[in-house]
Every structure is written in structure tokens, then in C-alpha cells.
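**Q**
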Amino acid sequence: MRARAAVVSSLLATSVLAAPVRWFTLDTPRALAGAASRGVAVLPDGTLQVLPPLNSVAEFEEPLGLALAVTPQGVAFVGTGHPARVWKVEGSRKTLVGEVPADQVTALALDSTGRLYVATALPALLLEMKEGPTPALGEIARLDAGSIWDLTFWRGSLWAAAGDPGRVLRLGTAGWEVAFDVPDRHARCLEAGDEQLYVGTSGKGMLLRWGGGGAPVVVYDSEFTEIADLQRGDDGWLYATGLTGDPTLGTPAKVEGEPTVTVSESSSSTPQTNKGPATSEIVRVYPTGAAVPVHRFSRQVAGPLAWSGTGLVIGTTVEGGLWQLVDGGAAQLDTVDASAISRIDASGDWVLTVGPVTLLRRQGTPRGTFISPPLDAGQPAEWGRATLEGQLPPGRGCRQSFRSGPTGEPGEAWSEWSPTLPCGEVRVAAPAARYLQARVELEAISSRAPRVGRLAIAYRQINLPPIIKELVTHPPGEVFLKGPPPSERVVDVQHPDLAGIFTVLDEEDQQRQQSLGRKYYRVGYQSLSWKAEDPNGDPLRFSLEVQRQHSDAWWVVRQNLDTLTLALDTTALADGWYRFRLTASDSEANPDAPASEQALSGWVTVDNTPPRLHARREGAEWLVEVEDALSPIAILEYNRDAQGWHRAACEDGLLDSRREVMRLPVMPGAHVLTVRAVDDHHNSATIALEER
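Each position in the sequence shown, counted from 1, maps to that position plus 57 in my numbering.
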């Protein structure tokens, strides 16, 4: 019978800490993944660079703003929906170029001469802007059905992604020409490569490539239903956004709370992250053609992509955010006061939002705030000094503060931010906790923009007591050995029931033996095993004591054990009821301030005395009475004239008590009847009876 431990005390020594000092070091993109910033970028070498803020340059009354194009001279064009209009924004002046007889403007494209092309949905129109004192829009092509979702230039021609039905079009002298059909409802987005045209689809969420002839080739089949945007990077790779969506639904208005992921009938399961269901993904396509998801969002929904001087920039919904892809994940680059980001220009400096529809541009004195990801000390810790290195202007150009908390996500249980201090080397003024965040506020002073190259924070775990997860008292006689028993055979491989029968171990026993060793049997032994761990990862030592029932004294069995099992020879103890006390200590790693924990076993019986047998003849039967002082009788058996043992039944039919009675017939003739009784501690007794 196995008895689980009851934890009776946790003894934490004084506050003197002997644990080693460790460091959080933030100087690589991987270490900075998960950061939340406003106007601070993570460079490929792990440096933090402050950016000019995103300022509003134009606001629009329409509910949808889905298209953006910017000239090299900084003139922006914005396409809206409900109604469909094209606006020109130059400096602080906003001018209406024209209103289009369609549901929404979906794409804008500027050719090398600065000519603007406009695509729409419902109906699918292609227009161009006529330059002049008063710019105007003129239709140059249309489709009989469906919508146009994207435009791009490739091999000297204008190309369009259209649906439903899904197809890719090329603008010829007579209007649109179907270049190829896509195996999906919509061709959603386009990206021109040197030799290939890449297409993202909606409905099945496929990424295709086409070399100018024949059928397109599937590069990636997403678990999501739509490839919403494509972007070539200066690193030579292609990036794609995968999400669950439908372009015919437009971009939703302001999102409240958590996003809802809608799975289409073609999706067999919801994509996952290590934080639960995924809302969207970023896919990287290598020059070899291999496509691999490199990041999945669990809250934000990724949308438009752009390549800026800091790398890949991702626009998201849910409180409108800009993120950048870094080694190991994504880091928040900026936030905006809108529900979603719908477009980012090629430089990453212009951003179009919805909810409300606003055009933003990075301009002005660089300033921003970096907030590190929650830094996990593994256990509650006290904080030491923080050292921030880099190109740091004097004065208020760089200031830092800290906060701490017990949870992996900052919330109400976290402390307030500490007072800000100038960057450099400072003492972290945050309460002891498991998690820590650092906040760095950066601002260019006298045209000198600060850069942070490294942030290191010292901490030391508070020494926590060990945890005894389990203390097991094994059935009497069981012992566990890693190797075979010694040659003098002090143990047996069979259960000592003397019948030559070995019961196969059940699955739980087999799993336990993998850690304890092979099971053997030895009469008079009591084995204990335990499971323990230290929250700080310190090595543990164990002490075991034993106490007799009705006694206050504890007797030491063993001290300074480094094993997880012990077999005790109980012949040194008088028969009776006993329990064990296990103490786990981390004193080896913390000699000045050890922490310990104790656990009690359940009561166990020590019984090294065999049962007593008494027999008498009653007519044609033998009446045999068996009694044990402490243990129930486990086996009754007999033999005549040494002809082999036979199990005998007790009078009440069940061997379950310390006293049992059995009856055996008297056989005619002269015989010797031997009766044997074994208790559940494997103590045996025999009696010989003569029959005449």
C-alpha cells in the first residue's frame, strides 16, 4: 500500500541570500523579442534606435481607408471607401482628386513617371489620374464581374490581383488580359520579384509564384484562409501575411477587446501558438522556394507589410499597432490611436489607419519609449544594479525606470513604475518579484539621437524551500536495486510467498522502477521513496527519521542522503506502528542560509513476528486457528507427507484479518500433515500434525 506524504512544515531560513547573482542581458534581437515600444526600433544588431514620432497629417470622414501611395517627393495619395474617393495630401493640404462610382478604392500604384493608377471593388474599375491644374480620374479598364484587390508593376506592365473568380490580369493595349487563373476564389495581393511574380490568395490561403508562362506553382499553403500582403525584403527574402479573412468584407471598424478568429469550412483546425490559438502569421520565403512561418500572433491580427531601414514592419489590428520582425519573434514598434492599420508605404514612414481613417507620417524630433518584455527570474528575486550602455546624450535624452510583478503578463498585481533616473548605472528600485520590466525613454537632444547598445540587470533569486512532492512507503519486503543483487543473495527476485509464483508488475510499477531500480523482495525490510525538487535548482540532501506510535521521540535513520530511496532493515525495531519524517535541505548550495521542508509518511506496521498456529482434531476434521499480533494473514496452505503445498480456504472465505480459522479433513492411514501460515509481512510459521 502506498501512502502519499502530508507536508507538515516549510522552514525558510533568514533573509541572507547565498544564491548566485545572475544577469538579464538585452543586447540581441532575440532577447528583445516581445518588447513593447512607442517609436523605438530594434536594429538587426540588437541596438535600440529612437525614431521620429508618427504625426497625423490628414484625417478623413469615410469609414474605410484601404489604399496608399507616396511619391519620392513626399506627396501622398489615399483611397477610401463608402464612398470611394481618391485624395491627394501634400504637406498639410488635403485635396480631393475625385470620387469613383464604386464601393471602395482598393489599390493605388505609381509608375516610374509618377502616373497614378486606381483600382476599385464592386465594380472592378481601373482608373488613372489625369494631371493638370485640376487633377481628375479617368477610367481605362473594367471587369464584368468581381473586384480588383491589388496592383503592381512587373516586366514593364501593370498587373492586377482580382476575384471572384480568382485570376491575375495584365494591362494590355485593349484593356485587361487574363494572365492566369488561380486555384482559389480571390487573387488577393501581388509582389514582383526579379524573375517571378508572387500571388497571395484568399479562400484557401495559398502563396503562388509564376514565371511568365504556364500554370502558377504553389509555394505555401497556409493554415489560414488568406494571404493578405506580400513584401520583398532587402535581406533577399519574401514575406507574407497569413490570416483568417475575406477581402469582400473590407476592413472592420474599431475592434473591442480580443479578436475573434473565424475558421472557414476549408480549415480543419485553428492554428496555434505557445499561448493558444493564433490570429495570424508571418511567413518567410527563401530564395530556394522554401516557405516557413517565422512568427504567429496570438492577439494582434497582422495585415500590411513594409520594409524600412530597421527591417520588416507589420501593421496590425486590435488597438492599431506597428510591429517589427526580429530574430526569435516580433517586437512592438509603435502604437496608434486607431483600431487597425490598413496600409504602410514602402519606406515605413507613412501609415494609413481605419477607425478613424487617418494618414500618419514620421516626422519631427526623434523621441520614444522602449518597454522590455517581462523578464523572468524563474523564482521571486531581489534586483541589483542596471547598466545601460550606448550613445547616450546628457541630461534628459535617456531616462529609465522599472516595475515588477508576479505574473508573466503585466497587470493589476504589478507595482507602479519606479521614479525615472538618468541612464547609466542605477539601482533597480522595484519590489522583489519573479518578473521585471525595464522602461527606457529616449529623445534626441541637440540633433543627437540616442542609441542603446546593451541593457544588463543584476538579480538574485530569493532562496525558497525545497518542495517534497511525494513520500511513498512501499509494501513490506519490497526493495529496489539498480543492479543485480550481490553474490551472497541477500535479496530474492521472487515474492516470498514460498509458492514459486511471481506476479508481473503493472504499468505504474514499471514506470516507478525506471527511476528506483528493479524490484526485489527481502523479508524484514521497509522501503521508502520520494520525489523532491528545489525551486532555485539547488542540489538537495535528505534526512530520514522514524517515530513509534504514542512516542514523542524521533530516531535518526540516515542523514545527508543524496538518493531518492532507502530500504530500512526493520529488525532493529520492535514490532508496532511507525511513521517516517523526511527532511529536504538545500544547505549544500546555501550553507549560510539553508532552506528546508519536511514531510510525514503515513503510519506503517513493523512486524517481524510470525503468526501463531493452534490445531486440534474434531472427529474427521482438523480445526486450525491462526492468529497474528499485528498483520493480517495472507496465505494458508498445507501438505501431506511432503507431496506439495496446497492453498487452504479459511472458514469465512476471505483472508482479511489477523485471526483466521480453517478446517482440513483427516485422511485414513498414517500421515504427517504440515500447515503453514504467512502474514502480509512475509513472516511464516508451520505446525506438523500426525494422523493415525
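C-beta: ideal position from N, C-alpha, C; glycine also.
Only a predicted model underlies this, so the values are computations on that prediction, with no experimental measurement involved.
Which term fits Ser608, buried or exposed, when burial requires 16 or more other beta carbons within 10 angstroms of its beta carbon?
**A** Answer is exposed; the Cβ neighbour count stays below 16.
**Q** Can you name the residues that DSSP bridges to His352?
**A** DSSP lists Ile339 as partners of His352.
**Q** Look at the alpha carbon of Gly510 and the alpha carbon of Ile197, and state the distance between them as a whole number of angstroms.
**A** Whole-angstrom Cα-Cα distance: 53 Å.
**Q** Return the bridge partner residues of Asp102 from the DSSP annotation.
**A** Its beta-bridge partners do not exist; DSSP assigns none.
**Q** Taking the straight line between their C-alpha atoms, what separation do you get for Ala434 and Leu125?
**A** If you take the alpha carbons of Ala434 and Leu125, they lie about 45 Å apart.
**Q** Is DSSP giving Gly454 helix, strand or coil here?
**A** If DSSP states are grouped into helix, strand and coil, Gly454 belongs with the helices.
**Q** Quick one: residues in its chain with C-beta nearer than 8 Å to the C-beta of Glu252, no 5 flanking neighbours on either side, listed in chain order?
**A** If we look at Glu252 and ignore the five residues flanking it on each side, its Cβ neighbours are Gly268.
**Q** Alpha carbon to alpha carbon, how far is Ser279 from Ser325? Give it in angstroms, no decimals.
**A** Interpretation of Ser325 is limited by its pLDDT of 44, a score under 50 that renders its predicted location unreliable; the figure taken from the coordinates is listed afterwards. Straight-line Cα distance between these residues: approximately 11 Å.
**Q** By the three-class DSSP mapping on this structure, what secondary structure does Pro86 have?
**A** Looking at Pro86 - three-state DSSP - the assignment turns out to be helix.
**Q** Which residue or residues does DSSP assign as beta-bridge partners of Trp474?
**A** None; Trp474 has no bridge partner.
**Q** Given Leu710, which residues of its chain have a CB within under 8 Å of its CB, disregarding the five upstream and five downstream residues?
**A** The amino acid at residue 710 is misidentified as Leu; the sequence shows Gly. Hits under 8 Å: none found.
**Q** Can you tell me which residues form a DSSP beta bridge with Val509?
**A** Per DSSP, Leu105 and Gly447.
**Q** Once you ignore the five residues that flank Leu573 on each side, which residues in its own chain have a CB closer than 7 Å to its CB?
**A** Phe537, Ser586 and Thr622, listed in sequence order.
**Q** Compare the Cα-Cα distances from Pro725 to each of Arg716, Arg697, Ala705 and Thr743 and report the closest residue.
**A** That would be Arg697, whose Cα lies nearest to the Cα of Pro725.
**Q** Which whole-angstrom value describes the C-beta separation of Leu512 and Ala495, a residue pair presumed to lie in contact below a C-beta threshold of 8 Å?
**A** Rounded, the Cβ-Cβ distance is 6 Å, consistent with contact.
**Q** State the Cα-Cα distance for the pair Phe459 and Trp440, rounded to the nearest angstrom.
**A** Approximately 10 Å between the Cα atoms of the pair.
**Q** Would you mind reading off the limits of the beta strand (DSSP E) that contains Gly386?
**A** Segment Gly386 to Thr392, the beta strand (DSSP E) holding Gly386.
**Q** Going by the beta-carbon positions, is the gap between Arg212 and Glu248 smaller than 7 Å?
**A** Against a cut-off of 7 Å, the Cβ pair of Glu248 and Arg212 comes out as no contact.
**Q** Can you list, in chain order, the residues of its chain with a C-beta nearer than 7 Å to that of Gly333? Leave out the 5 residues immediately preceding and following it.
**A** Excluding residues within five positions, the ones whose Cβ falls inside 7 Å are Ser355.
**Q** Beta-carbon within less than 6 Å of Leu300's beta-carbon, same chain only, minus the 5 sequence neighbours each way: which residues are those?
**A** So the list reads Phe281, Glu283, Ala285, Ser337 and Val358, once near-sequence residues are dropped.
**Q** Under the assumption that Asn665 contacts Gly581 (Cβ atoms under 8 Å), give the Cβ distance between them as a whole number of angstroms.
**A** With 8 Å as the limit, Asn665 and Gly581 qualify as a contact, their Cβ atoms being about 6 Å apart.
**Q** Report the rounded CA-to-CA distance for Gln389 versus Pro467, giving the unit in angstroms.
**A** Each residue's alpha carbon lies about 15 Å from the other.
**Q** Could you compute how far the alpha carbon of Phe255 sits from the alpha carbon of Arg266?
**A** It is Tyr, not Phe, that sits at residue 255 in the sequence shown. So the alpha carbons of these two residues sit roughly 4 Å apart.
**Q** Leu68 by DSSP, collapsed to three states: which one?
**A** Note that Leu68 scores 35 on pLDDT, short of 50, meaning its location in the model is unreliable; the coordinates nonetheless yield the value given after this. If DSSP states are grouped into helix, strand and coil, Leu68 belongs with the strands.
**Q** Candidates Asn112, Ala691 and Val735: which alpha carbon is nearest Gly421's?
**A** Of the candidates Asn112, Ala691 and Val735, the one whose C-alpha sits nearest the C-alpha of Gly421 is Asn112.
**Q** Going by DSSP, name the residue or residues bridged to Asn112.
**A** Beta-bridge pairing links Asn112 to Arg418.
**Q** Drop a sphere of 10 angstroms on the beta-carbon of Val729, count the other beta-carbons inside from all chains shown, and report buried for 16 or more, exposed for fewer.
**A** Val729 is exposed by the Cβ-count criterion.
**Q** Skipping 5 residues on each side, what residues in its chain have a beta carbon closer than 6 Å to that of Trp233?
**A** Closer than 6 Å at Cβ, skipping near neighbours: Ala198 and Leu226.
**Q** Which residue's Cα is closest to the Cα of Ser642: Leu597, Asp713 and Leu445?
**A** Of Leu597, Asp713 and Leu445, the residue nearest in Cα terms is Leu597.
**Q** Using a threshold of 7 Å, state whether the C-beta atoms of Tyr492 and Pro431 are closer than that.
**A** Closer than 7 Å, so yes.
**Q** Can you tell me whether Leu746 is buried or exposed? The criterion is at least 16 other CB atoms within 10 Å of its CB, across all chains shown.
**A** Buried, because 16 or more other Cβ atoms sit within 10 Å of the Cβ of Leu746.
**Q** Using C-beta distances below 8 Å, list every residue in its chain close to Ile26, excluding the 5 sequence neighbours before and after it, in chain order.
**A** Because the chain spans 58 through 749 in this model, residue 26 falls outside it and cannot be assessed.
**Q** If you measure between the beta carbons of Asp241 and Met263, is that distance less than 7 Å?
**A** Going by C-beta atoms, Asp241 is nearer than 7 Å to Met263.
**Q** Assuming Pro86 and Val99 make a contact with CB atoms under 8 Å, what is their CB distance in whole Å?
**A** With a Cβ gap of about 6 Å, Pro86 and Val99 count as contacting.
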